[in-house]
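Below is one structure, written out as structure tokens, with a few remarks after it.
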Ligand code: NAP
């Protein structure tokens, strides 16, 4: 069992009463009463607080009483003697667990008093915790051993700050290598996945807050997102993992759309946001760490800014399979892993679903097959990353592409590489295109009142495709519709590229309507 514990960080028993009800309604499976937050900290308040919790929640929801030492993240400057009294009172009042800092427990007097209080109330258990707010604990395995040596019945709780996602692997290893009740978590944004994966890896507790404001540690998720978006209730040791590697990653819609599809199909799979900061070395280290731990069950990744080229390089270096057009584009946005593969099989494969997603959106919008793109005159506006993928796909299909861009050298470079024409934005007036594709960010939220191409250049016999998907209907698309042109929105490409990842991730077709609904809902 991995409990989802919700910290109650109230300044009074009345305030706590409201928080306890909210926590229970949100799906708390355990409560942590952070008594150090109380304005009036004394035995009576703590007894009242525990009585309030026990009277409000079902008996199946255990209660931890904590009076955190300020040196380990506690609030207020309560003296050590008072903190000890509070925990002893909590045991007497029926707390199911008390959380005491290991560093304090090994002081003989505190250790002795705690042990004898617990001996007289054997239903209460001791959590011995150690927190490091600076960074990784140097010898986390030894600390775990030391805690159990000091008190074999205790539940070791080791919490440290992950300054990089790669710092989480020590925590995962400790959970993987040890048995019994133990809590191992990483704080900070980089440690987020340790909170989500606690259940898969058998941690005794993961902590989640009622809402963003009530978080008691950096990087804590809300119960709503842990149980909703990250499907905590459905997770178990066999859950297969996927994720989007990016920096930044917080804005990514991919976890919402892939997890919604996993849920809809009842799949034991989970998709994570993976904040990998740094550059190629950190990216490589992340993937090396994943491949070295097949028991994590990572099966695939979406890769986005700034790692699409790094992904390609990594797979080449590992001797994996690279889709030829991904190689030509110079970017991979999809990695498929088979960590069980033998040495003569591919452990890792790289694909680019951006171009395929765009081409599928274009052909569906124009009502043609890919072969129908041969010799079609196309104007592509923009010469960045998205343009590159689309130009590669269109030229591969035989379209006659002209690239228009603000910076001529960029347009020229791309045109030379893919054998097409190029021009400046001021030459758009003379364009002769059946298909117009906007690959710039012009028109994207919040600057929604601008368009990359003046309305007078649009014609009724054109198809206009805007890769911008926020908003779904851009000014360019509205103006094109007014001219009677066919339109294709960026959501179609976005959903197609995600659906094209879902297939190799799972072997099943994605529900594109569901993906589109999730994206629309998130953008709203
Ligand atoms: P990028 O590599 O930064 O390229 C941006 C392009 O836009 C460049 O060609 C740039 O011209 C041009 N540009 C930007 N601001 C401009 C302005 N004010 N006036 C004229 N040109 C301007 O970005 P990207 O990764 O290719 O992404 C481009 C857009 O694609 C994004 O904004 C996003 O809306 C969309 N997108 C869609 C999807 C999807 O699935 N639908 C996925 C990813 C991105 P210069 O070369 O002169 O700087």
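In our numbering, the protein residues as written are 1 to 524.
Glycine is no exception: its CB is placed at the ideal position from the N, C-alpha and C atoms.
Residue burial classification, residue i (beta-carbon count within 10 angstroms, cutoff 16)
{"i": "residue 236", "result": "exposed"}
{"i": "residue 10", "result": "buried"}
{"i": "residue 454", "result": "exposed"}
{"i": "residue 497", "result": "buried"}
{"i": "residue 433", "result": "buried"}
{"i": "residue 342", "result": "exposed"}
{"i": "residue 515", "result": "buried"}
{"i": "residue 482", "result": "exposed"}
{"i": "residue 501", "result": "buried"}
{"i": "residue 323", "result": "buried"}
{"i": "residue 99", "result": "buried"}
{"i": "residue 305", "result": "exposed"}
{"i": "residue 2", "result": "buried"}
{"i": "residue 462", "result": "buried"}
{"i": "residue 527", "result": "The chain is shown from 1 up to 524; residue 527 falls before or after that span and cannot be answered."}
{"i": "residue 34", "result": "buried"}
{"i": "residue 246", "result": "buried"}
{"i": "residue 52", "result": "buried"}
Residues sharing a beta bridge with residue i, DSSP
{"i": "residue 25", "result": "Beta-bridge pairing links residue 25 to no other residue."}
{"i": "residue 207", "result": "5"}
{"i": "residue 127", "result": "99, 155"}
{"i": "residue 427", "result": "Its beta-bridge partners do not exist; DSSP assigns none."}
{"i": "residue 65", "result": "33, 98"}
{"i": "residue 533", "result": "In this structure the chain extends from 1 to 524, so residue 533 is not present and cannot be described."}
{"i": "residue 351", "result": "334"}
{"i": "residue 41", "result": "Looking at the DSSP assignment, residue 41 forms no beta bridge with any residue, so it has no partner."}
{"i": "residue 132", "result": "160"}
{"i": "residue 222", "result": "209"}
Straight-line Cα distance separating residue j from residue i
{"i": "residue 409", "j": "residue 157", "result": "57 Å"}
{"i": "residue 244", "j": "residue 301", "result": "6 Å"}
{"i": "residue 424", "j": "residue 504", "result": "39 Å"}
{"i": "residue 239", "j": "residue 303", "result": "21 Å"}
{"i": "residue 345", "j": "residue 512", "result": "32 Å"}
{"i": "residue 144", "j": "residue 180", "result": "12 Å"}
{"i": "residue 254", "j": "residue 354", "result": "14 Å"}
{"i": "residue 536", "j": "residue 339", "result": "Outside the shown range of the chain, which is 1 to 524, sits residue 536, and nothing can be said about it."}
{"i": "residue 411", "j": "residue 273", "result": "33 Å"}
{"i": "residue 66", "j": "residue 492", "result": "50 Å"}
{"i": "residue 229", "j": "residue 57", "result": "25 Å"}
{"i": "residue 150", "j": "residue 126", "result": "12 Å"}
{"i": "residue 495", "j": "residue 26", "result": "31 Å"}
{"i": "residue 31", "j": "residue 328", "result": "54 Å"}
{"i": "residue 61", "j": "residue 499", "result": "40 Å"}
{"i": "residue 400", "j": "residue 417", "result": "14 Å"}
{"i": "residue 80", "j": "residue 523", "result": "49 Å"}
{"i": "residue 295", "j": "residue 177", "result": "11 Å"}
{"i": "residue 460", "j": "residue 480", "result": "8 Å"}
{"i": "residue 142", "j": "residue 415", "result": "58 Å"}
{"i": "residue 91", "j": "residue 242", "result": "42 Å"}
{"i": "residue 227", "j": "residue 420", "result": "50 Å"}
{"i": "residue 413", "j": "residue 384", "result": "11 Å"}
{"i": "residue 351", "j": "residue 367", "result": "26 Å"}
{"i": "residue 207", "j": "residue 76", "result": "21 Å"}
{"i": "residue 314", "j": "residue 281", "result": "10 Å"}
{"i": "residue 205", "j": "residue 380", "result": "52 Å"}
{"i": "residue 117", "j": "residue 109", "result": "12 Å"}
{"i": "residue 38", "j": "residue 406", "result": "60 Å"}
{"i": "residue 217", "j": "residue 17", "result": "21 Å"}
Own chain, CB closer than 7 Å to residue i, minus 5 neighbours either side, in chain order
{"i": "residue 212", "result": "222"}
{"i": "residue 476", "result": "438, 443, 451, 452, 453, 464, 466"}
{"i": "residue 23", "result": "6, 8, 31, 210"}
{"i": "residue 441", "result": "468"}
{"i": "residue 215", "result": "209"}
Own chain partners of residue i with C-beta closer than 6 Å, once the 5 adjacent residues on each side are dropped
{"i": "residue 19", "result": "8, 10"}
{"i": "residue 469", "result": "490, 491, 494"}
{"i": "residue 291", "result": "339"}
{"i": "residue 356", "result": "500"}
{"i": "residue 54", "result": "none"}
{"i": "residue 283", "result": "276, 307, 310"}
Sequence-distant residues of its chain with Cβ nearer than 8 Å to residue i (five each side left out)
{"i": "residue 363", "result": "369, 370, 372, 373"}
{"i": "residue 140", "result": "158, 160, 170, 171, 174, 184"}
| Closer than 6 Å from C-beta to any heavy atom of the ligand FAD: which residues, in chain order? | As far as ligands go, the structure on display features the ligand NAP and does not contain the ligand FAD.
| query | What are the uninterrupted segments assigned as alpha helix (DSSP H) that are 4 or more residues long and contained completely in the segment 277-352, given in chain order? | reply | 280-291, 308-317, 324-329
| Residue ranges of each beta strand (DSSP E) within the segment 378-408, 3 or longer | 400-405
| query | For the segment 417-502, which segments carrying the beta strand (DSSP E) assignment without a break, of at least 3 residues, lie completely within its bounds, in sequence order? | reply | 421-424, 435-438, 463-466, 486-488
| Which runs of the alpha helix (DSSP H) fall wholly inside the segment 72-121 and span at least 4 residues, in chain order? | 80-92, 102-105, 108-120
| query | Curious, which full-length beta strand (DSSP E) runs of at least 3 residues does the segment 240-279 contain? | reply | 240-246, 269-275
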